[in-house]
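See below for the structure under consideration.
Protein chains in written order, with the numbering used here: chain A, 1 to 93; chain B, 1001 to 1157; chain C, 2001 to 2953.
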């Protein structure tokens, strides 16, 4: 996936979470990326962010890409399984 | 009776608009259209349906249920001959047969020269004076063929 | 099993306790209040003769055959129109009634053709049955005089064969009115009437023939007709079926139940099954009539392979095709890595088949690169409702609409896309429920016979979130929040943050009026109606999800519903109208790259271990590639092989040129489908698929209802889809051992808590099951979130409006939005191969008169539609149901290439493509676009099949 596209997708995600306080937003973005992006996509974006120069990346995304203790994800328990959510949890994604 | 105008969509739409808020508006509208244009053509059906939010089929069903609504423009004169029992008793059927032959029409048809449209009616309430008829909406009684012809000659063409 | 005959009680059964006791022919019976005497008799097994009555329709009382005597009442009342009374004593048979009934039949038969032996209804004619039942022996009226039977009679009408699926023979009509009533009450189209009066009365589709009328060919009239007057052409041609099997339709997400009526292994006709709870005996033109594609000559019956896509296809044996595929996939994985291959599951194949494909990808390929078409339709539903409610499947069943007082339809066109649901909705609207429609176009639901929306909010495409926020703003600032509900059922902190956000001025209807194009007063009135009108339900479709803020909009609707207490009761809810027959099922079965069956994330160790234990291999815990990402990776050379079952991404996915570039870059594209589709032009292996008539399995509809699909004929290609996947998996070295799809379902039940109670035995017993179905809910779950939300407390999410990046401007001043119509279905692969094409032979561009005039475009002109992605040419249709600035087309015909011009913008959360907003320019043209020219070349160049020279065609 090319960097421009990844950055664009990440920025759109950030635009949603930007409505929330910073810690929650960062956690939300981080969880979203880990839930839905392949490891390679995340790595590519992280490498691009470290590069810095060419891509225009929302500051919340940059924070989300750093390994750091998380705030509470507003979109809760995106990755959680039945142990945390109960056996009846399901959605029609 | 007013002379019928040629079909005009805008005029029809106005007639419909004036009446569409009446309860059971379909019939008053159809009557008004026939009054204005002498008939209710196919083109009227979608206009009425759209205005009253009915289907075209529903309007068609209502329209065709009542023989009084003509689908084609009438001739210059509309003659409704009474076919009910009291008039039958005084020889109306034979009179009607002669008239049909004379004008060359069957019931609900218009003569080839466009002069007369013949329609049946069932009791005009002139039972003591049969055979009776409506000539362009005016009741006439104690008819015979000559009387009718004479009246037609006099009538506004 | 023989022909399934469903009991016809004569009048609709009434709900309630059986509290009214009466006696019929000396036998006691107890029935609910409001039941007719006729139905009560039928419950005892007493069939009172009838012609104009049927339990799909309210009683009419015209045929006078069902007369009975009731003690204490004068005369002979009709049992269909007489409701039961306590203590009533009814006699259905005696000499007087027998004479009356014979007299009635004598009159009917006096004006009816007597060619029973050669009539198409021979064996299935209620008139025949009644003549026999009343003991008719002579017709004393003779054959002279006025009649409708003899061809030279002035009252005779010619056969109406204008509709390709059924024939109307007026000479056999007994004017029972069942067809007219069916069209009115069951379907809601009102296309039929009785024209004339008295002896002249005849059924008429409004003065024209069927094809030229308002008829939508749903077939309810054909089903209702007791004689041969309205008969399926297939019955005329083939005769009566001899056995039937209950199965489920393979078109849309309503999932109608049908009886497939057969002669041997040939389908004669499909008759809606009254016991089907999704459709209750009704259907649309597609399910009832358009199943002929299954035996169309285009069906691929032999596997084919080719080295390059420019080579002709070569027919080979199953063994060769499977082995070749397995070899290629293994080679590619060895050379380019485990993640270089993937699969796409089908939303039209069964649950069992989908489960096997994702199992093949996860256990066989060893990665999570599996995705499905829900990506491009309802994936935002999943994300949005999971975040707010904890589960994103439809919250109600369809019958819930019967309790709604206010219905808000957003971005959906149910009369076209979910016709049987729309008929149920219209029934409720005719009873007095109010309707609000939010759609850029004036869809049929806004105003059609006997239905009128209280509010039509014609918003500009791309402004959904602004509109829903404005409505919520009204609710919050005008004190219309259901405080008790919110306090009890929702997270209060989140509610308060959200309420503060939504109350801000920028979310007011006045503030967004210029953006949405909807007058603020209308928005306020609609919001008030939704909040205070009683039980309010939201039904929505792809006009909500296929946007760059699709997930956000879903959350916005959930916020509105929670704030007004409209989730968790009958007649309310947030109801996604799922498109495909099994898209719900395909999502349930773990077709997403980040989820295992049952919607558990792949990274959840506990879940993954349970799968690993049963499947016997280690599974990857990292999310895989979504379809758009697969194509991106393909273009960059890292993704090189794809196993696609029952999906045509080259026609249905956006930005066609990007899709075909991705496919063309791959080394081994395997398409398993019933026809050569657009994607197959770029494929190297073609495996014949099987239609819904050729396999056993289950589909899950928009109500979460799991229904059986039953095999009625052998697969034309020799193997059912699930058998093909098993063969491929074996060849890859991963054994799958199932002898019947029921075993696959048993495995699904073992691994998925919400399916734990599902089995074929239970489905046979109960007919269908709505999941969750397990120990907590052994017979399934019709309505969700009843006492509490699945996630516990409902969560309000902040839904800031963010305009899409796809902007109009001087170069592209109009917005194109896309959708479906009734007669064709999605990419048209099935419906274009049936007579349905008569209704929609090509995709057209609907354009408002102002926009057309400004461009000098007249009706039928060829126009070029150009966007930043490409351009296509198609014919224009001037339509005042559009608004200035918005144009519309469908995507049913591959040659139109509607998706050439859609963009690569997509929902931020799920990558659901933004089909509904494309900035375009429209101008007259005199030639097809370059893409279309290439299409016509490739249509022959990439689809040639090399067949042995002596093959008989």
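No residue lacks a Cβ here, since even glycine has one placed at the ideal position from N, Cα and C.
Contact under 9 Å by Cβ, residue i with residue j
{"i": "residue 2079 of chain C", "j": "residue 2041 of chain C", "result": "yes"}
{"i": "residue 2383 of chain C", "j": "residue 2544 of chain C", "result": "no"}
{"i": "residue 75 of chain A", "j": "residue 14 of chain A", "result": "no"}
{"i": "residue 2849 of chain C", "j": "residue 2815 of chain C", "result": "no"}
{"i": "residue 2679 of chain C", "j": "residue 2650 of chain C", "result": "yes"}
{"i": "residue 2845 of chain C", "j": "residue 2827 of chain C", "result": "no"}
{"i": "residue 2067 of chain C", "j": "residue 2106 of chain C", "result": "no"}
{"i": "residue 2430 of chain C", "j": "residue 2188 of chain C", "result": "yes"}
{"i": "residue 2160 of chain C", "j": "residue 2209 of chain C", "result": "yes"}
{"i": "residue 2638 of chain C", "j": "residue 2668 of chain C", "result": "no"}
{"i": "residue 2561 of chain C", "j": "residue 2527 of chain C", "result": "no"}
{"i": "residue 1084 of chain B", "j": "residue 1122 of chain B", "result": "yes"}
{"i": "residue 2421 of chain C", "j": "residue 2581 of chain C", "result": "no"}
{"i": "residue 2569 of chain C", "j": "residue 2406 of chain C", "result": "no"}
{"i": "residue 72 of chain A", "j": "residue 23 of chain A", "result": "yes"}
{"i": "residue 2255 of chain C", "j": "residue 2700 of chain C", "result": "yes"}
{"i": "residue 2290 of chain C", "j": "residue 2830 of chain C", "result": "yes"}
Which listed residue (the options) has its alpha carbon closest to that of residue i
{"i": "residue 2211 of chain C", "options": "C:2049, C:2164 and C:2356", "result": "C:2164"}
{"i": "residue 2470 of chain C", "options": "C:2501, C:2731 and C:2206", "result": "C:2501"}
{"i": "residue 2931 of chain C", "options": "C:2672, C:2897 and C:2707", "result": "C:2897"}
{"i": "residue 2955 of chain C", "options": "C:2760, C:2063, C:2089 and C:2002", "result": "Absent from the model: residue 2955 of chain C. The displayed extent of chain C is 2001 to 2953, so no value can be given."}
{"i": "residue 2408 of chain C", "options": "C:2374, C:2452 and C:2366", "result": "C:2452"}
{"i": "residue 2914 of chain C", "options": "C:2549, C:2770, C:2145 and C:2871", "result": "C:2549"}
{"i": "residue 2759 of chain C", "options": "C:2746, C:2750 and C:2767", "result": "C:2746"}
{"i": "residue 2530 of chain C", "options": "C:2246, C:2436 and C:2414", "result": "C:2436"}
{"i": "residue 2688 of chain C", "options": "C:2671, C:2695 and C:2698", "result": "C:2671"}
Chain D contact residues for residue i, given Cβ-Cβ distances below 7 Å
{"i": "residue 2800 of chain C", "result": "As a matter of chain content, chain D is missing from the structure shown, whose protein chains are A, B and C."}
Members of the region 2445 to 2477 of chain C that neighbour chain B once the beta carbon cut-off is set at 8 Å
Listed by position, the residues of the region 2445 to 2477 of chain C near chain B (Cβ gap below 8 Å) are 2447, 2448, 2449, 2450, 2451 and 2452.
Touch check for the region 2848 to 2859 of chain C and the region 2831 to 2840 of chain C: three-plus C-beta pairs under 8 Å?
Not touching, per the Cβ criterion.
Taking a cut of 8 Å between CB atoms, which residues from the region 16 to 46 of chain A lie near chain C?
Taking 8 Å as the Cβ-Cβ cut-off against chain C, the residues of the region 16 to 46 of chain A that qualify are 16, 18, 19, 20, 32, 34, 35, 36, 37, 38, 39, 40 and 41.
Taking a cut of 8 Å between CB atoms, which residues from the region 1016 to 1048 of chain B lie near chain C?
Cβ contacts with chain C: 1042 and 1045.
Note down, one range per segment and in chain order, each beta strand (DSSP E) of at least 3 residues found wholly within the region 2009 to 2066 of chain C.
Runs found: 2020 to 2024 and 2027 to 2031.
Give, in chain order, every residue of the region 2610 to 2635 of chain C whose Cβ lies closer than 7 Å to some Cβ of chain A.
Against chain A - using a Cβ distance shorter than 7 Å - the residues of the region 2610 to 2635 of chain C are 2622, 2623, 2624, 2625, 2629, 2632 and 2633.
Give the residues from the region 2093 to 2116 of chain C that approach chain B closer than 9 Å (Cβ to any Cβ), ordered along the chain.
Residues: none.
Please list the segments of the alpha helix (DSSP H) lying wholly inside the region 2458 to 2491 of chain C, counting only runs of 4 or more residues, in order along the chain.
Those alpha helix (DSSP H) runs which fall completely within the region 2458 to 2491 of chain C and span 4+ residues are 2464 to 2477 and 2483 to 2489.
Go through the region 2621 to 2659 of chain C residue by residue and report every complete run of the beta strand (DSSP E) that reaches 3 residues or more, in order.
Here the runs fully enclosed are 2641 to 2645.
Could you say if the region 2671 to 2685 of chain C and the region 2306 to 2313 of chain C meet the contact criterion of at least three C-beta pairs nearer than 8 Å?
They touch, by the three-pair rule.
Within the region 2116 to 2188 of chain C, note down every full alpha helix (DSSP H) run reaching 4 residues or more, in order along the chain.
As for any alpha helix (DSSP H) of minimum length 4 sitting wholly inside the region 2116 to 2188 of chain C, the runs are 2126 to 2134 and 2178 to 2181, ordered along the chain.
Sufficient close CB pairs (3 or more, under 8 Å) joining the region 1049 to 1062 of chain B to the region 1026 to 1034 of chain B:
Here the region 1049 to 1062 of chain B makes contact with the region 1026 to 1034 of chain B; the two share three or more CB pairs at distances below 8 Å.
At least 3 beta-carbon pairs within less than 8 Å: the region 2619 to 2633 of chain C vs the region 2794 to 2811 of chain C
When C-beta atoms of the region 2619 to 2633 of chain C are compared with those of the region 2794 to 2811 of chain C, fewer than three pairs fall below 8 Å, so the two segments do not count as touching.
Can you list the alpha helix (DSSP H) stretches of 4 or more residues lying completely in the region 2695 to 2757 of chain C, in chain order?
Listed in chain order, they are 2721 to 2731 and 2741 to 2751.
Any chance the region 2400 to 2413 of chain C sits against the region 2562 to 2575 of chain C, with 3 or more Cβ pairs inside 8 Å?
Contact holds: three or more Cβ-Cβ distances are below 8 Å.
Scan the region 2194 to 2227 of chain C for residues whose Cβ lies nearer than 8 Å to a Cβ of chain B and list them as they occur along the chain.
Considering only beta carbons, the part of the region 2194 to 2227 of chain C lying closer than 8 Å to chain B consists of 2194, 2195, 2196, 2197, 2204, 2205, 2206, 2207, 2213 and 2214, in chain order.
Taking only beta carbons into account, state which residues of the region 2376 to 2398 of chain C come closer than 8 Å to chain A, listed in chain order.
Taking 8 Å as the Cβ-Cβ cut-off against chain A, the residues of the region 2376 to 2398 of chain C that qualify are 2378, 2379, 2381, 2382, 2383, 2385, 2386, 2387, 2390, 2391, 2392, 2393 and 2394.
Would you list, in chain order, the members of the region 2171 to 2194 of chain C that have their beta-carbon closer than 9 Å to a beta-carbon of chain B?
Within the region 2171 to 2194 of chain C, the residues whose Cβ lies closer than 9 Å to any Cβ of chain B are, in chain order, 2180, 2183, 2184, 2189, 2190, 2191, 2192, 2193 and 2194.
Count the CB pairs spanning the region 2248 to 2265 of chain C and the region 2136 to 2150 of chain C that are closer than 8 Å, and state whether there are at least three.
The region 2248 to 2265 of chain C vs the region 2136 to 2150 of chain C: no contact.
Which ranges does the beta strand (DSSP E) cover as unbroken runs of at least 3 residues, wholly within the region 2178 to 2261 of chain C, from first to last along the chain?
Counting only runs of 3 or more residues that sit fully inside the region 2178 to 2261 of chain C, the beta strand (DSSP E) segments are 2193 to 2195, 2202 to 2204, 2230 to 2232 and 2243 to 2248, in chain order.
Where are the alpha helix (DSSP H) runs, 4 residues long or more, that stay fully inside the region 1088 to 1132 of chain B, in chain order?
Listed in chain order, the complete alpha helix (DSSP H) runs (minimum 4 residues) inside the region 1088 to 1132 of chain B are 1092 to 1103.
Across the region 2195 to 2203 of chain C and the region 2232 to 2240 of chain C, are there enough close Cβ pairs to call them in contact, namely three or more that are closer than 8 Å?
Taking 8 Å as the limit for Cβ pairs, the verdict is that the region 2232 to 2240 of chain C does not touch the region 2195 to 2203 of chain C.
Should the region 2735 to 2744 of chain C be regarded as contacting the region 2269 to 2285 of chain C, the criterion being three or more beta carbon pairs within less than 8 Å?
Counting C-beta pairs closer than 8 Å gives fewer than three between the region 2735 to 2744 of chain C and the region 2269 to 2285 of chain C, which falls short of the contact rule.
Touch check for the region 2355 to 2368 of chain C and the region 2697 to 2707 of chain C: three-plus C-beta pairs under 8 Å?
Judged by Cβ distances under 8 Å, the region 2355 to 2368 of chain C makes no contact with the region 2697 to 2707 of chain C, as fewer than three pairs qualify.
Short of 7 Å Cβ to Cβ, which residues in the region 1055 to 1070 of chain B face chain C?
From the region 1055 to 1070 of chain B, only 1055, 1056, 1057, 1058, 1060, 1061, 1064 and 1065 have a Cβ closer than 7 Å to chain C.
Name, going along the chain, the residues of the region 2550 to 2565 of chain C whose beta-carbon falls closer than 7 Å to a beta-carbon of chain A.
Cβ proximity to chain A below 7 Å picks out 2552 from the region 2550 to 2565 of chain C.
Tell me, please, whether the region 1069 to 1084 of chain B touches the region 1030 to 1048 of chain B by the rule of three or more beta-carbon pairs shorter than 8 Å.
Yes: at least three Cβ pairs fall under 8 Å.
Pairs of beta-carbons, one from the region 2487 to 2501 of chain C and one from the region 2784 to 2802 of chain C, closer than 8 Å: are there three or more?
Flag = yes, the region 2487 to 2501 of chain C and the region 2784 to 2802 of chain C touch.
Could you list the residues in the region 55 to 74 of chain A with a C-beta less than 8 Å from some C-beta on chain C, going in chain order?
Taking 8 Å as the Cβ-Cβ cut-off, the region 55 to 74 of chain A approaches chain C at 74, given in chain order.
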